[in-house]
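All residue numbers for the sequence shown refer to the UniProt record's numbering, where the first residue is 1 and numbers rise by one. Think of the CB as a built atom: it goes at the ideal place given N, C-alpha and C, for glycine as much as any other residue.
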Amino acid sequence: MALVELQCAVLGEEGNIFPVVADLNAYAEDLRYTIFYQKFSRRCNLLPFDVALYLAKDMSGSEWLTDNADLDAFLKGGQVSSQLVRMWPNCRLNHPEYLGTNFEPRNNEINVLVHVKSKRAVLPESAKENPRPERSIDTKLAEDATTIGLSSRPRWPSGRLPSLCPPQMFSGTSLQLKKNV
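What follows is the structure, encoded as structure tokens:
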């Protein structure tokens, strides 16, 4: 198990560079899931298969992308070049065309480019300006219930809530509540 720290950069997001620790024997799919859960899992409309990985070097495989003044402009462009090598999910990271078995990361090198493929990940302008809905869910439910002739919420007498499990089911059991001290 050879763990390495890979430097990743997100296409379309200027200055978004982050490290990820990965096993060279792992599949690119494992790396994709690691990156997704580390960086993108809080975006509610994004799924792991919406993220594509590319090696941050040219087709000849000679030079890695370096973290310099030109990097921000390249990342901001957000375009996937035909010169980039796609990291297919079913290939291992130590594949000769990817990182190889003797991979050693160096300073100021970007190893993986992350491309978010889905348009679902981008918020519409209206959502950015007004992130809160105009009506709450409770208000909407109350309006819908009134429309079909129901009261807004069923009211149960105190202590007489409906139960899926009758109290007799729990009589004679040894369930005890523990107090947190």
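Please work out which residues of its chain come closer than 6 Å, Cβ to Cβ, to residue i, disregarding the five sequence neighbours upstream and downstream, and give them in chain order.
| i | result |
| --- | --- |
| residue 228 | The chain is shown from 1 up to 181; residue 228 falls before or after that span and cannot be answered. |
| K76 | E14 |
| L84 | Y54 |
Per DSSP, which residues does residue i bridge with? Please list them.
| i | result |
| --- | --- |
| P19 | Q7 |
| I110 | L65 |
| R86 | Y54 |
| V116 | V51 |
Please classify residue i as buried or exposed, where buried requires at least 16 other C-beta atoms within 10 Å of its C-beta.
| i | result |
| --- | --- |
| L3 | exposed |
| R32 | buried |
| K57 | buried |
| F49 | exposed |
| A73 | exposed |
| L47 | exposed |
Alpha carbon to alpha carbon, how far is residue j from residue i? Give it in angstroms, no decimals.
| i | j | result |
| --- | --- | --- |
| N108 | N90 | 28 Å |
| V112 | N102 | 17 Å |
| W64 | M87 | 15 Å |
Can you tell me which of the options puts its alpha carbon nearest to the alpha carbon of residue i?
| i | options | result |
| --- | --- | --- |
| E5 | N16, E14, A22 | A22 |
| Y54 | P105, E97, R43 | E97 |
| P19 | L65, E63, K39 | K39 |
Which same chain residues end up closer than 8 Å to residue i when comparing Cβ atoms and leaving out the 5 residues on each side of it in sequence?
| i | result |
| --- | --- |
| Y27 | P89, N90, C91, R92, L93 |
| T66 | N108, E109, I110 |
By Cβ distance, which residues of its chain are closer than 7 Å to residue i, with the 5 residues on each side in sequence left out?
| i | result |
| --- | --- |
| G78 | L11, G12 |
| T34 | V20, A22 |
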